[in-house]
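Worksheet for the structure shown next.
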Amino acid sequence: SWKGNIAQYAGRLHRDFEGKENVIIYDYVDVHVKMLERMYQKRLSAYAAMGYTVYAPTGNDGANVIYTVRDYQETYWQDFQMAA
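Counting from -18, one number per residue, gives the positions in the sequence shown under my numbering.
The following block contains the structure:
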């Protein structure tokens, strides 16, 4: 099931690795496509069932921002580099 896949992916992130202190899951969604938005909402509930919480930033760090095809790439790659 898809919930099993999410649990498996998250579990892989929790494997021990030298220097790792926290696990952060970046989840991207196109809210302009209803089916993708519904799938995202289901993933959020699956994350919550595993004990994850949504990060609520106190500044403008890009969370909860809607990007377009013209302006997402820089932030996406910054997130990718931070996750590596």
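Here a beta-carbon is modelled for each residue, glycine too, at the ideal position from N, C-alpha and C.
- Message: Taking the straight line between their C-alpha atoms, what separation do you get for Ile5 and Ala30?
- Response: 16 Å
- Item | Ranges of the alpha helix (DSSP H) found wholly within the region 3 to 30, counting only runs of at least 4 | 15 to 30
- Residues of its chain near Tyr7, where Cβ-Cβ distance is below 7 Å and the 5 sequence neighbours each way are ignored: Asp60 and Ala64
- Query: Looking only at its own chain, which residues have a Cβ that is under 7 Å from the Cβ of Val10, when we skip the five neighbours before and after it?
  - Reply: Leu17, Glu18 and Tyr21
- Query: Is Thr34 helix, strand or coil when you go by DSSP?
  - Reply: coil
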